[in-house]
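Participant: As given, the protein sequences belong to chains A and B, one line each in that order.
With numbering that gives the first Met the number 0, you'll find the first sequence wraps up at 206, consecutive numbering, no jumps.
With numbering that gives the first Met the number 0, you'll find the second sequence wraps up at 206, consecutive numbering, no jumps.
Positions of the beta carbon are idealized from the N, C-alpha and C atoms, including for glycine.
Here's a structure for you.
There are 2 protein chains.
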Amino acid sequence: MTDTRARLVEGAFATLRDKGIAGASARAIAAAAGVNQALVFYHFGSVSELLTEACAHATRSRVALYQAQFAAVGSLPELLDLGVQIHKGERAEGNVLALAQMLAGAQSDPKLAPATATTLSMWVAQLEPVLDRVLADSPIREFLDVSGLARAFAAAFVGLELYDGVDHDGADQALASVARLGVLIEVVDDLGPAARALLRGKLRSLR
Amino acid sequence: MTDTRARLVEGAFATLRDKGIAGASARAIAAAAGVNQALVFYHFGSVSELLTEACAHATRSRVALYQAQFAAVGSLPELLDLGVQIHKGERAEGNVLALAQMLAGAQSDPKLAPATATTLSMWVAQLEPVLDRVLADSPIREFLDVSGLARAFAAAFVGLELYDGVDHDGADQALASVARLGVLIEVVDDLGPAARALLRGKLRSLR
DNA sequence: GTCTATAGTCGGATAGAC
DNA sequence: GTCTATCCGACTATAGAC
């Protein structure tokens, strides 16, 4: 990737993060990148395409960063703790916020939708096998839709990030309560063979 | 409220829902309301203030609509079912989507933040007492932060709504999996006195 | 209260010099 | 590949007629 292209991609991401989708104009992006405004159109054709590229690039690098940590997770509480940790890291970095802005923009600009869906699915793809793994021994696993849960968690994350922007304390409280929910499930899993068999039976009867 | 004011409030909401925060200009809103563009500024001073008013008004009326249903909820699965139902109703109506757009806009326009936080807290205020009530007899209640959970659910809802805009099937799957999670908690609550006491003890030791 | 008209700014996008 | 210059549409906001 040439220097100018890279600067534009970086500038687009920073603008999306700092000024939101409503403020991510070609001029604002070019200013953040320190290049001429016309180059946005020369290199990417349109602002939407540049934003698409920026979002994909940023997520690729962040997902790669966390891959090892996802792989090291061995229990649900650990996974939720990693989630809290990622939330805090990405809040500072602004990655999830940028994704949220893309999601908001995609509701009315169809050109942004495919890239946004792909970006979100990159996080889901990380989450799903881990969730599958930590629930492997649990009696509740066959009752749950792991793939759906992974999607729900990813979407909830985005919502929490947006919430954080208008009520920081409230969002922190919400995040902490979710982390506690993980411990709860772990405890249930650890009730002993009798309760475990009872639980399994009850769940089976409900399917 | 005079006719013009009411039309503008209605038009602002519709524009926010249909064109997103990036497309909610004074001109677009006035066109949707069928009134002159200058009247936005005469009646509300600025677009931000009109959006603030529109969001508050829409949420007030929708929350009132669901109040009876919230009051009738007697169990966690019922609450989650109501959540799914509200999600589907509001998806059609566009209320949660409008809130999501306000949240996205508030990240970069501080003038929108207070109204957005208030709007979200109106949903949380509905949710919290119900959550408190359906968990009243559960051994897990004293381990959970009900207020935080209510906030997490509200934020997750917003995230799911945004997700829905770029991947309808994925969002539906996510929503269904969350509803199943409720049944799971109910089943755990219903394991019998022995397992219940055991669970209570384990949770106490973790506090 | 409502309208027209308009000032002034910012936006996407392109043409053409270098 | 990069720049300047520019077209033209859309925007916020206001002034002033009615």
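What are the boundary residues of the alpha helix (DSSP H) that includes Asn94/A?
Facilitator: Looking at the DSSP string, the run of the alpha helix (DSSP H) that includes Asn94/A is Asn94 to Ala105.
Participant: Show which residues of chain B have a CB atom less than 8 Å away from the CB atom of Ala144/A.
Facilitator: First, the residue type needs correcting, since residue 144/A is Asp and not Ala in the sequence shown. Within 8 Å Cβ-Cβ: Gln172, Ala175, Ser176 and Arg179.
Participant: Determine the direct distance from the alpha carbon of Ala53/B to that of Ala112/A, and round the result to whole angstroms.
Facilitator: Each residue's Cα considered, the two are about 26 Å apart.
Participant: Taking 7 Å as the CB-CB limit, is Ile85/A close to chain B?
Facilitator: No - not a single Cβ of chain B is within 7 Å of the one on Ile85/A.
Participant: Measure from the C-beta of Arg150/A to each C-beta in chain B and report whether the shortest distance is under 7 Å.
Facilitator: It does: the Cβ of Arg150/A has a partner Cβ on chain B nearer than 7 Å.
Participant: May I have the straight-line CA-CA distance separating Ala5/A from Pro138/B, to the nearest angstrom?
Facilitator: Approximately 55 Å between the Cα atoms of the pair.
Participant: Measuring CB atoms only, is the segment 88-104 of chain B touching the segment 1-15 of chain B, in the sense that at least three cross pairs come out at less than 8 Å?
Facilitator: Yes, since at least three Cβ pairs between the segment 88-104 of chain B and the segment 1-15 of chain B fall closer than 8 Å, the two stretches touch.
Participant: Touch check for the segment 78-90 of chain A and the segment 177-191 of chain A: three-plus C-beta pairs under 8 Å?
Facilitator: At 8 Å Cβ cutoff, the stretches touch.
Participant: Determine the closest residue to Ser29/B out of Ala21/B, Val39/B, Asn94/B and Ile20/B, with distance taken between C-alpha atoms.
Facilitator: Before going further, note that residue 29/B is Ala rather than Ser in the sequence given. Cα-wise, what sits closest to Ala29/B is Val39/B.
Participant: Going by CA-CA distance only, name the one from Arg90/A, Ile184/A and Val62/A that's closest to Val133/A.
Facilitator: Ranking the options by Cα distance to Val133/A, first place goes to Ile184/A.
Participant: Residues in the segment 85-118 of chain A with C-beta within 7 Å of chain B's C-beta atoms, listed in sequence order?
Facilitator: Of all residues in the segment 85-118 of chain A, Leu96, Ala99, Gln100, Leu102, Ala103, Gly104, Ala105, Gln106, Ser107, Ala112, Thr115 and Ala116 have a Cβ within less than 7 Å of some Cβ in chain B.
Participant: Do the segment 116-126 of chain A and the segment 137-154 of chain B touch if we need at least three Cβ pairs shorter than 8 Å?
Facilitator: In short, these stretches do not touch, since the Cβ pair count stays below three.
Participant: For Leu198/A and Phe43/A, what's the separation of their Cα atoms in angstroms?
Facilitator: Taking the straight line from one Cα to the other gives about 56 Å.
Participant: Just to make sure I have the definition right: I need the residues of chain B whose C-beta is within less than 8 Å of the C-beta of Leu183/A. Which are they?
Facilitator: Residues of chain B passing the Cβ test: Ile139, Phe142, Leu143 and Leu202.
Participant: Does DSSP classify Asp144/A as helix, strand or coil?
Facilitator: It is coil, neither helix nor strand.
Participant: Assuming Leu44/A is part of the alpha helix (DSSP H), what are its boundary residues?
Facilitator: A quick correction: the sequence has Gly, not Leu, at residue 44/A. Unbroken run through Gly44/A: none, as it is neither H nor E.
Participant: Return the first residue and the last residue of the alpha helix (DSSP H) that Gln125/B is part of.
Facilitator: Where Gln125/B is concerned, the enclosing alpha helix (DSSP H) stretches over Ala112 to Val133.
Participant: Cβ closer than 9 Å: which chain B residues qualify as neighbours of Ile20/A?
Facilitator: Residues of chain B passing the Cβ test: Gly19, Ile20, Ala21, Ala103, Gly104 and Ser107.
Participant: For Val187/B, which residues in chain A fall below 8 Å Cβ to Cβ?
Facilitator: Ordered by position in chain A, the residues that pass the 8 Å Cβ test against Val187/B are Val187 and Leu198.
Participant: Roughly how many angstroms separate the alpha carbons of Asp189/B and Gln66/B, rounded to a whole number?
Facilitator: Computed Cα separation, rounded: 28 Å.
Participant: Can you pull the chain B neighbours of Leu190/A, defined as C-beta to C-beta under 7 Å?
Facilitator: Near Leu190/A (Cβ distances below 7 Å), the residues of chain B are Ala194, Leu197 and Leu198.
Participant: Given Leu126/B, which residues of its chain have a CB within under 7 Å of its CB, disregarding the five upstream and five downstream residues?
Facilitator: These residues qualify, in order along the chain: Ala149, Phe152 and Ala153.
Participant: With 7 Å set as the bound, which would you pick, yes or no: does the beta-carbon of Ala57/A sit closer than that to a beta-carbon of chain B?
Facilitator: By this cut-off, Ala57/A is not an interface position.
Participant: Determine whether the beta carbon atoms of Ser107/B and Gly158/A lie at a separation below 7 Å.
Facilitator: Their beta carbons are not under 7 Å apart, which means Ser107/B does not touch Gly158/A by this criterion.
Participant: Using CA atoms only, rank isn't needed, just tell me which of Leu96/B, Gly104/B, Gly73/B and Glu89/B is closest to Arg61/B.
Facilitator: Comparing Cα positions, the closest option is Glu89/B.
Participant: In angstroms, rounded to a whole number, what distance separates the CA positions of Ser47/A and Ala23/A?
Facilitator: When rounded, the distance between both Cα atoms is 10 Å.
Participant: Check whether the Cβ of Asp131/B lies closer than 7 Å to any Cβ atom in chain A.
Facilitator: Not closer than 7 Å to any Cβ of chain A, the Cβ of Asp131/B fails to qualify, so no.
Participant: Is it true that the CB of Glu160/B sits closer than 7 Å to the CB of Leu96/B?
Facilitator: Taking 7 Å as the Cβ cut-off, Leu96/B and Glu160/B qualify as a contacting pair.
Participant: So, under 8 Å CB-CB, Asn94/A and Thr58/A are touching, yes? Tell me the CB distance rounded to an integer number of Å.
Facilitator: Indeed they touch by this definition, with Cβ atoms about 7 Å apart.
Participant: Curious, which full-length alpha helix (DSSP H) runs of at least 4 residues does the segment 12-39 of chain B contain?
Facilitator: Within the segment 12-39 of chain B, the complete alpha helix (DSSP H) runs of at least 4 residues are 25-32.
Participant: In chain B, what lies closer than 8 Å to Ala155/A by C-beta?
Facilitator: Going along chain B in sequence order, the residues near Ala155/A (Cβ under 8 Å) are Ala151, Ala154, Ala155, Gly158 and Leu159.
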